[in-house]
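Peer 1: Have a look at this one before I ask anything.
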Amino acid sequence: MATITITDNRDGKQYEFDILSPTVGPDVIDIRSLYQKTGMFTYDPGFTSTASCSSSITYIDGEKGELRYRGYDISDLATKRTYLDTCYLLLMDKLPSKTELAAFDMEIRKRSFVHEGLKNLFYAFPDSAHPMAMMSSAVSALSAFHYEHLDIKEEEEFQIMARRILAKIPTLAALSYRRSLGIPFIYPDIERSFTENFLYMMRAYPSAETLIRDVEIKALDTIFTLHAEHEQNASTSTVRGVASTGAHPYAAISAGINALWGRAHGGANESVIAQLEMIGTVDKVDEFIKKAKDPDDDFRLMGFGHRVYKNFDPRAKILKQLLDELKEDLGVDSELLEVAMRIEEVALTDEYFIKRKLYPNIDFYSGLILTALKIPKSLFTIIFVIGRSVGWITQWIELRHDKEMKIARPRQRYTGPVSKKI
Ligand code: CMC
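The following block contains the structure:
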């Protein structure tokens, strides 16, 4: 076993730690015995250098801009397979055969209905409620309707739970949307595929025909695939943190939805379009780029930068290509697109962005496509939730099988008063 030796230059004492190798990617120093051996903790706010678990689900090479689910390149999955293929791959660790996919697809369709009583929850929200607030509450409330799954232990039960959550999340998303507009709720249509059914539940009106074009299904299905998994990001780490206490999957995923909401994470897609609309015209781009570079201004260019990708975000590359291919068919807003392309052009050649390796991320392009699909801004992060739900569930299951799993309980560097007397 390779080891690393750390020398404490205060007293010259040396401590040895094992180096663990992954199948691919950086080695990790096993510091589990650090406190016991040295009486010290590590200090790593934001976990920039910390591997919190071992995982065999997703691999990212941020320097090269590579992303693989279960070993398969994201670009192959996004262009040659559907979102449901990808879900099966993540959950079952293999791509489905035609028969396996058909059975999986049918199961998801049949499980897409939610308990009638759950609708009452939506009526309790005011019109102004953000769909993400309704969504996280509704997923948490699912636990009250499926209490038999609160204490699951077997793989078979995990898989039923996984299919249930995966199938119901789009229905809950559509209910959140329809409640926010005060329009009648629509039942899932099991004659339709996963992605088509979601668009149907969003758009349909009783007794009227619903137009959903193949190009729209293709674009949204690709967006779901690109969002499906992304290893230990903030929301997934939240799901794992909650799961590590023994909490049931509905609690963990509801917490993940809330973590995703922030604009540094999944909330960025909503902020990108809001920012493009605020900038409005190409001639204003330089002014906002200047603001983004100003250290005394907290304005950030939304849809730029990533903790892991220090090269183009591979998901963004695929979306940009999709945008180029489908912009006319989809009817992408040409003014917003023009502003976005100008921002991209300026930022990619600007010293500030080059030095900090700030490239457009997935959220920079997804909003333009979602707007063309007539999905309102307030629903953008919900789209991320639908795509990512399978990743959260897969990570929850992996954690439950992990023999090295412990309750997530970091320590701290205390900076308060030592002791005070009353
Ligand atoms: N605009 C302007 N400056 C930026 C930006 C930006 N979007 N992002 C980072 N920087 C600067 C930052 O000010 C800092 O500069 P300096 O070194 O001079 O202090 C430097 O780049 C490093 O930034 P950081 O905040 O330390 O980097 P991080 O890894 O902690 O944060 C991030 C990553 C994604 C939160 C950040 O880049 C950001 O806020 N981007 C905008 C929000 C966004 O688009 N989020 C979506 C991420 S992709 C979807 C997902 O997976 O969640």
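Residue numbers for the sequence shown, in numbering that gives the first Met the number 0: 0 to 421.
Where a beta carbon is used, it is the ideal one built from N, C-alpha and C, also for glycine.
On the DSSP bridge assignment, give the partners of Ile17 in chain order.
Peer 2: Reading the sequence shown from its first residue, position 18 is the one you call residue 17. According to the sequence displayed, residue 17 carries Asp and not Ile. Thr2.
Peer 1: Alpha carbon to alpha carbon, what distance is there between Arg110 and Ala101?
Peer 2: Working through the sequence shown from its first residue, we reach residue 101 at position 102. Working through the sequence shown from its first residue, we reach residue 110 at position 111. Going from the Cα of Ala101 to the Cα of Arg110 covers about 14 Å.
Peer 1: With a threshold of 16 other CB atoms inside 10 Å of the CB of Ile392, please say whether the residue is buried or exposed.
Peer 2: For the purposes of this step, residue 392 is taken as residue 393 along the sequence shown, with counting starting at 1. Buried.
Peer 1: Taking the beta strand (DSSP E) that Asp84 belongs to, which residues open and close that run?
Peer 2: If you number the sequence shown from 1, residue 84 lands on position 85. Here Asp84 belongs to no beta strand (DSSP E); instead the alpha helix (DSSP H) covers 82 to 91.
Peer 1: The ligand GTP and Met301: does the residue's C-beta get closer than 7 Å to at least one heavy atom of that ligand?
Peer 2: Inclusion of the ligand GTP in the displayed structure is not the case, the ligand content consisting of the ligand CMC alone.
Peer 1: Could you tell me whether the region 45 to 57 touches the region 193 to 211, using the rule of 3 or more Cβ pairs below 8 Å?
Peer 2: They do not touch, by the three-pair rule.
Peer 1: Going by DSSP, name the residue or residues bridged to Leu66.
Peer 2: Start at 1 with the first residue of the sequence shown, and residue 66 comes out as number 67. Note: Leu66 sits in a beta bridge opposite Ile59.
Peer 1: Tell me, please, whether the region 255 to 268 touches the region 88 to 106 by the rule of three or more beta-carbon pairs shorter than 8 Å.
Peer 2: Verdict: no, contact absent.
Peer 1: How would you write the range of the alpha helix (DSSP H) that Phe311 sits in, first residue to last?
Peer 2: In the sequence shown, residue 311 corresponds to position 312, counting from 1. It is not in any alpha helix (DSSP H) - Phe311 carries neither H nor E in the DSSP assignment.
Peer 1: DSSP on Asp72, reduced to helix/strand/coil?
Peer 2: The residue labelled residue 72 in the question sits at position 73 within the sequence shown. Here Asp72 sits in strand by DSSP.
Peer 1: For the ligand CMC, is there any heavy atom lying closer than 7 Å to the beta carbon of Ala161?
Peer 2: The residue given as residue 161 occupies position 162 in the sequence shown. The answer is no for Ala161.
Peer 1: Note the first and the last residue of the continuous alpha helix (DSSP H) segment covering Gln394.
Peer 2: As a first step, residue 394 must be located in the sequence shown, where it is residue number 395. 379 to 400 is the span of the alpha helix (DSSP H), which, as asked, contains Gln394.
Peer 1: Taking its Cβ as the centre, do 16 or more other Cβ atoms sit within 10 Å of Glu215, making it buried, or is it exposed?
Peer 2: Taking the sequence shown and counting its residues from 1, the one referred to as residue 215 is at position 216. So Glu215 ends up on the buried side.
Peer 1: Looking at the structure shown, is Pro409 part of a helix, part of a strand, or coil, going by DSSP?
Peer 2: On the sequence shown, residue 409 is found 410 positions in, with the first residue counted as 1. Reduced to three states, the DSSP call for Pro409 is coil.
Peer 1: With C-beta atoms as the reference, is Ile107 less than 8 Å away from Phe223?
Peer 2: The residue labelled residue 107 in the question sits at position 108 within the sequence shown. The residue labelled residue 223 in the question sits at position 224 within the sequence shown. Not a contact, by the Cβ cut-off of 8 Å.
Peer 1: Look at the alpha carbon of Thr81 and the alpha carbon of Glu228, and state the distance between them as a whole number of angstroms.
Peer 2: As a position in the sequence shown, residue 81 is number 82, starting the count at 1. As a position in the sequence shown, residue 228 is number 229, starting the count at 1. Computed Cα separation, rounded: 14 Å.
Peer 1: Looking at C-alpha atoms only, which residue of Tyr308, Gly245, Thr348, Phe311 is the closest neighbour of Ile288?
Peer 2: As a first step, residue 288 is located in the sequence shown; it is residue number 289 there, counting from the start. The shortest C-alpha separation from Ile288 is found at Thr348.
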